[in-house]
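Okay, structure first, notes after.
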Amino acid sequence: MDDGSGQVVANGAGATYAPLWIFQAMATTTLILRIISRSFLTRDIGWEDVIMAFGWVCPSYSLFDIVGPNVAQAVNLASTIIITISSNTMIHAIKTTTTPSDLENTTVYALKLSLISGAINPNTIWLPKISVALLLSRLLQPKPWTKLMLIVPSVVGFVGGGIGSALITFLQCNPIAGQWDPERYHPTCWDPSVMVDYNIPWAVLSSALDIIYAIYPATMFWKMRQLPVSRKLAISILMGLGLISGGVGIYKTTLTHLLSRRDQGSDVALAVSHILNVWTTVEADFIISAACIPLSRPVWRLVIVFVGDVWGKVRKRVGLGPAVEDSAVVERSGERRVNMGYIELSERTSDVDRIATEGRERHTVREDIEMRYSSGGGWR
Numbered sequence: 001m002d003d004g005s006g007q008v009v010a011n012g013a014g015a016t017y018a019p020l021w022i023f024q025a026m027a028t029t030t031l032i033l034r035i036i037s038r039s040f041l042t043r044d045i046g047w048e049d050v051i052m053a054f055g056w057v058c059p060s061y062s063l064f065d066i067v068g069p070n071v072a073q074a075v076n077l078a079s080t081i082i083i084t085i086s087s088n089t090m091i092h093a094i095k096t097t098t099t100p101s102d103l104e105n106t107t108v109y110a111l112k113l114s115l116i117s118g119a120i121n122p123n124t125i126w127l128p129k130i131s132v133a134l135l136l137s138r139l140l141q142p143k144p145w146t147k148l149m150l151i152v153p154s155v156v157g158f159v160g161g162g163i164g165s166a167l168i169t170f171l172q173c174n175p176i177a178g179q180w181d182p183e184r185y186h187p188t189c190w191d192p193s194v195m196v197d198y199n200i201p202w203a204v205l206s207s208a209l210d211i212i213y214a215i216y217p218a219t220m221f222w223k224m225r226q227l228p229v230s231r232k233l234a235i236s237i238l239m240g241l242g243l244i245s246g247g248v249g250i251y252k253t254t255l256t257h258l259l260s261r262r263d264q265g266s267d268v269a270l271a272v273s274h275i276l277n278v279w280t281t282v283e284a285d286f287i288i289s290a291a292c293i294p295l296s297r298p299v300w301r302l303v304i305v306f307v308g309d310v311w312g313k314v315r316k317r318v319g320l321g322p323a324v325e326d327s328a329v330v331e332r333s334g335e336r337r338v339n340m341g342y343i344e345l346s347e348r349t350s351d352v353d354r355i356a357t358e359g360r361e362r363h364t365v366r367e368d369i370e371m372r373y374s375s376g377g378g379w380r
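For the sequence shown, the positions run 1 to 380 when the UniProt record's numbering is used.
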């Protein structure tokens, strides 16, 4: 690879991984809020939360030689780390290397990391989808056939589009190392179009599931007559954030054809890998965020109650008025409806400590959509 090509690759790498960590931070924050909410406030954590957490964080020592020992890596985070290391490798090489051979060696190492990230990446979008499918099944309690249609496609996608894609990534060349160092190993590789043809159907399925999982809850909520329109709209927006990841997935699908250019040289293969890895990781970050934001509501409610309590005391101290001016409004806003056999609780919203304690006895999912279970055994 000549110096000009190397400069282009390095500049592109630096421009892509910088915003990558912004989306990673967004996904991390929303996931933490979700785990806090369902573990400590409502205590109704389920398998969907475990799978979502595994999609983000799981013990892994596959990067031992790259980032050091005793680091709890993540499926999604590991991919972001590898992309960053690969990008920094190229940027550092352009600034410090003096000979074409040194730059070529650095490109080989960066391409190796990029291919590893490309093998991990598909799983980062399929594991959260399984979590979303399980959550919708638990939340909406659809008929068995509908539940099957929600869960099975995401599981099939994980096996075929996640694990299968990772295997093909490394099996398409013999020897495997020839993918990132063809000058040394002179590998025998499949036609690049094989990888393109294999990935496109899974990319289309991934985008379609994002859209379906975002629209399906809204169709159910709008059938609930007891919910006001404003409430239906708010819930539909929160549960429909997956449309963003669906849009990202559609755009990423249009880039899949770039895989056919991997045989045009290490520099081109590196650039293509970075582009696809970045967009796959961004899609995964949006999926995680969209799935976690609605379930973090109890945390935000507690924060709002705390802020309101503090503000009321400040008003009273500085003489702006009593801490609570309309007790009826406060009492009404403090009501919590709990269904499916759970007791109905009400309290004053200024009692932050009691809200945190009693919240453990509530079922947040049912509370958030405010449904009542009729005495006849069905939804009214």
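All residues carry an ideal CB built from backbone N, CA and C; glycine is no exception.
With a threshold of 16 other CB atoms inside 10 Å of the CB of residue i, please say whether the residue is buried or exposed.
i: residue 186; result: exposed
i: residue 199; result: buried
i: residue 141; result: exposed
i: residue 25; result: exposed
i: residue 157; result: buried
i: residue 307; result: exposed
i: residue 318; result: exposed
i: residue 248; result: buried
i: residue 167; result: exposed
i: residue 320; result: exposed
i: residue 305; result: buried
Looking at residue j and residue i, is the spacing between their C-beta atoms short of 8 angstroms?
i: residue 131; j: residue 151; result: no
i: residue 240; j: residue 215; result: yes
i: residue 303; j: residue 257; result: no
i: residue 245; j: residue 286; result: yes
i: residue 296; j: residue 33; result: yes
i: residue 124; j: residue 234; result: no
i: residue 52; j: residue 128; result: yes
i: residue 279; j: residue 243; result: no
i: residue 203; j: residue 252; result: yes
i: residue 114; j: residue 270; result: yes
Relative to the C-alpha of residue i, which candidate in the options has its C-alpha closest?
i: residue 383; options: 164, 112, 141 and 274; result: No answer is possible for residue 383: it lies beyond the span of the chain, which begins at 1 and ends at 380.
i: residue 19; options: 300, 275 and 313; result: 275
i: residue 43; options: 299, 227, 226 and 319; result: 299
i: residue 147; options: 134, 159 and 157; result: 134
i: residue 290; options: 198, 277, 237 and 233; result: 237
i: residue 110; options: 266, 156 and 297; result: 266
i: residue 49; options: 247, 31 and 277; result: 31
i: residue 263; options: 190, 301 and 248; result: 190
i: residue 209; options: 288, 312 and 154; result: 154
i: residue 172; options: 219, 118 and 188; result: 188
i: residue 45; options: 139, 309 and 174; result: 139
i: residue 47; options: 183, 35 and 219; result: 35
i: residue 205; options: 159, 232, 226 and 269; result: 159
i: residue 301; options: 37, 228, 28 and 27; result: 37
i: residue 201; options: 292, 161, 183 and 314; result: 161
To the nearest whole angstrom, what separates the beta carbons of residue i and residue j, a pair I think is in contact under 8 angstroms?
i: residue 282; j: residue 181; result: About 29 angstroms separates the two Cβ atoms, so there is no contact after all.
Note down, in chain order, each residue of its chain lying with its Cβ closer than 7 angstroms to the Cβ of residue i, except the 5 sequence neighbours on either side.
i: residue 250; result: 207
i: residue 357; result: Bear in mind that the predicted position of residue 357 carries a pLDDT of just 42, short of 50, making it unreliable; the figure below should be weighed with that in mind. The answer is none, since no qualifying residue turns up.
i: residue 118; result: 169, 273, 276 and 277
i: residue 351; result: Residue confidence for residue 351 is low, a pLDDT of 36 falling below 50, so the modelled location carries little weight; the figure read from the coordinates is stated next. Closer than 7 angstroms at Cβ, skipping near neighbours: no residue.
i: residue 294; result: 238 and 239
Using a Cβ-Cβ cutoff of less than 6 angstroms, which residues in the same chain neighbour residue i once the five nearest sequence positions on both sides are dropped?
i: residue 178; result: 185 and 187
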